Amino acid sequence: MKRILVTGAVGQIGSELTMALRERYGNDNVLATGHRTKPSEKLLNSGPFEFIDCAVIDTIVEVVKKYNISTIYHLGAILSAVGEAKPQLAWNVNINGLYNVLEVAREYNCAVFTPSSIGAFGPSTPKDNTPQDTIQRPTTMYGVTKVAGELL
75 MKRILVTGAV
85 GQIGSELTMA
95 LRERYGNDNV
105 LATGHRTKPS
115 EKLLNSGPFE
125 FIDCAVIDTI
135 VEVVKKYNIS
145 TIYHLGAILS
155 AVGEAKPQLA
165 WNVNINGLYN
175 VLEVAREYNC
185 AVFTPSSIGA
195 FGPSTPKDNT
205 PQDTIQRPTT
215 MYGVTKVAGE
225 LL
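Position in the sequence shown (from 1) plus 74 gives the number in my numbering.
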């Protein structure tokens, strides 16, 4: 049976994804994680939850070992508004956090899914019939970290 870790599970997409994965794989097989934001009662009461910091690799290792994780959905990130105000924080969480997830996945043989974002593009990207390989000139720190993350 798959044992799944969702980082950023308290966020808009992460909370919905976690509930869908719990419905599909069973509540106890999907570990939701967050950094500081308190999870909703629904999320908290439907299965395991832990606070971790993806920028600190040991916190990822701890939950991967404790819950015997086989797949990581990495959604933990600093979004645009905070990223513009605190670019160093955005880089640390978004890039170093992703790097840490990838390193843990390599070490513990986990599959990884990490989404990109429309933020990876910019105003010069074609808006209609956008080709698979196209110009990426993001205008936010969040977008820059998404492009860099795609290259890891």
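The beta-carbon is built from N, C-alpha and C at its ideal position, and this holds for glycine as well. In this text the structure is predicted, and so the values were computed from the model without any measurement.
Asked                                                                                                              : Found
Stretch-stretch touch, CB-based, cutoff 8 angstroms, three pairs: the region 145 to 164 with the region 115 to 123 : no
Inter-residue Cα distance where the pair is THR92 and MET215                                                       : 26 angstroms
Assigned secondary structure, LEU91 (DSSP; H/G/I helix, E/B strand, else coil)                                     : helix
For ILE146, three-class secondary structure by DSSP                                                                : strand
Element boundaries [beta strand (DSSP E), containing ALA185]                                                       : 185 to 187
Residues near TYR182 by beta carbon distance below 6 angstroms, same chain, minus five either side                 : VAL138
Secondary structure, beta strand (DSSP E): runs of 3+ residues fully inside the region 115 to 160                  : 123 to 125 and 145 to 148
Test item: CB-CB of THR145 and VAL186 under 9 angstroms                                                            : yes
Reduced DSSP category for THR199 - H, G, I as helix; E, B as strand; rest coil                                     : coil
CA nearest to the CA of ARG77, picked from LEU225, LEU95 and SER191                                                : LEU95
Check whether LEU65 and TYR147 have beta carbons under 9 angstroms apart                                           : Outside the shown range of the chain, which is 75 to 226, sits residue 65, and nothing can be said about it.
Burial state of SER190 (16 or more Cβ within 10 Å)                                                                 : exposed
Closer than 9 angstroms to chain C by CB, LYS201                                                                   : Of the protein chains in this structure there is only one, and it is not chain C.
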